[in-house]
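Counting from 1, position 2 in the sequence shown corresponds to residue 2 in the UniProt record's numbering; the numbering is continuous, with no gaps.
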Amino acid sequence: MTKEIERRKFLQHCFGLSLMVSTGGFLLSSCAGRKKTVANKNTSPVAKVNPCEDLTGVDAVDVEKRKALGYVGLSPIQDKQCGNCKLWIPVKDGKECGGCLLFAGPVSEDGHCTYWAPQV
Ligand code: SF4
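See below:
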């Protein structure tokens with residue numbers, strides 16, 4: 001009878017330990033998951049893409065023209081920007097970018113390419 005009680009206590013003890021271990025592991029994994037969630041909420045949103053650099057929907061031929069002409073979003077030459085180029089298409093109301101007569105797609109007023117020509 002004593003052996004039976006000791007065996008029962010031993011089994012209860014083992015069961016209790018395994019329950020504690022598994023519960024602890026579950027709680028730890030839950031906390032880790034919560035940290036990730038909180039971390040994700042605190043992470044600043046992905047930087048907004050410059051709309052004048054967003055070529056979504058622009059034909060590949062025009063993207064290549066843009067590259068071939070050496071278009072850059074910020075002119076390296078003072079006083080020679082798209083905004084004062086003969087081929088510039090001004091920014092329309094409600095838009096953030098203008099355009100260029102040489103290729104389709106958004107163009108920054110501060111941009112530049114090798115075809116820059118003075119306005120007359
Ligand atoms: S030709 Fe070049 S510099 Fe002129 S508006 Fe077009 S991209 Fe800008």
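Idealized CB from N, CA, C, for every residue including glycine.
Exposed or buried, residue i, counting other C-beta atoms within 10 Å across all chains shown (16 or more means buried)?
i, result
"residue 107", "buried"
"residue 94", "exposed"
"residue 100", "buried"
Where residue i and residue j are concerned, what is the direct C-alpha to C-alpha distance, given to the nearest angstrom?
i, j, result
"residue 81", "residue 102", "15 Å"
"residue 58", "residue 68", "15 Å"
"residue 79", "residue 85", "10 Å"
"residue 91", "residue 54", "15 Å"
"residue 89", "residue 46", "30 Å"
"residue 114", "residue 62", "15 Å"
"residue 36", "residue 50", "Its pLDDT being 45, under 50, residue 36 is placed unreliably by the model, and nothing is read from it."
Would you mind stating whether residue i and residue j have Cβ atoms separated by less than 8 Å?
i, j, result
"residue 74", "residue 117", "no"
"residue 66", "residue 98", "no"
Leaving aside the five residues before and after residue i along the sequence, list all residues of the same chain whose C-beta is less than 8 Å from its C-beta, in chain order.
i, result
"residue 110", "73, 74, 75, 81, 82, 83"
Considering only residues of the same chain and omitting the five flanking positions on each side of residue i, which have a CB-CB separation below 7 Å?
i, result
"residue 71", "111, 113"
"residue 48", "none"
### Task
Output the residue ranges of the alpha helix (DSSP H) runs that lie fully inside the segment 49-113 and measure 4 residues or longer, sorted by chain position.
60-68
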